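Asker: The structure follows.
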Amino acid sequence: FLARSLIISLFTIPLAVLHIFYLKNLSLPFVGNYLDAIIGVVVTGLVFFFHLLFSFSFISAAVEGNHLREAVVNSFSVLKRKHIFAIILYAFYCFIWLTFFVPLVNVITALLTYPVIISIMILFYQSAMGHPVTIAMPVRKAIKKQRKVEEETDASDDS
Numbered sequence: 004f005l006a007r008s009l010i011i012s013l014f015t016i017p018l019a020v021l022h023i024f025y026l027k028n029l030s031l032p033f034v035g036n037y038l039d040a041i042i043g044v045v046v047t048g049l050v051f052f053f054h055l056l057f058s059f060s061f062i063s064a065a066v067e068g069n070h071l072r073e074a075v076v077n078s079f080s081v082l083k084r085k086h087i088f089a090i091i092l093y094a095f096y097c098f099i100w101l102t103f104f105v106p107l108v109n110v111i112t113a114l115l116t117y118p119v120i121i122s123i124m125i126l127f128y129q130s131a132m133g134h135p136v137t138i139a140m141p142v143r144k145a146i147k148k149q150r151k152v153e154e155e156t157d158a159s160d161d162s
């Protein structure tokens, strides 16, 4: 989260400073009236792009327990393999996330649609990485560990 925020800040803060102190005072033909909207669209596009890059990093860290570097590498790998579907899926995620700002709809979003889209993104990540699309990896690891502990206790009970 902090790395993503830092990278977004590295791109948007200089753009905002440039706009406030320099571009606002210029009288640019055709663009001057719409400069605020143009800067807003550019910044929104940058934020969307960097959030897209890091959203699968969060999923990688949650599903596989990866650290920052491995999670970012896995995210780039997913985006390299299935970039079109990832962008479409992330656009749906953004639309559902924006419904949190609508009163009463946000309750339905929090209870129904948000968990569904997050689950879809996790399953997409697992399929893009070539993992079996079943329950999450940490859950499977915990089940295997529990079975191993049970086998060891059964073996010690037999002796």
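Heads up: the sequence shown runs through residues 4 to 162, numbered per the numbering used here.
Yeah, the Cβ is synthetic: ideal placement off N, Cα and C, and Gly gets one too.
In this text the structure is predicted, and so the values were computed from the model without any measurement.
1) Run through DSSP, which three-state label would His86 get?
2) Which of the three DSSP states, helix, strand or coil, is assigned to Pro106?
3) Could you check which residue in Ser60, Glu67, Leu92 has the C-alpha nearest to that of Phe79?
4) Thinking C-alpha only, which one of Ala131, Ile111, Leu107 is nearest Leu92?
5) Looking only at C-alpha atoms, which of Leu49, Leu21, Tyr37, Ile120 sits nearest to Leu9?
6) Here's the rule I'm using: 16 or more other beta-carbon atoms within 10 Å means buried, otherwise exposed. How should Thr112 be labelled?
7) Identify whether Met132 lies in helix, strand or coil by the three-state DSSP scheme.
8) For Ile62 versus Tyr128, is the C-beta spacing smaller than 7 Å?
Answerer: Looking at the coordinates:
1) helix
2) coil
3) Ser60
4) Ala131
5) Leu49
6) buried
7) coil
8) yes
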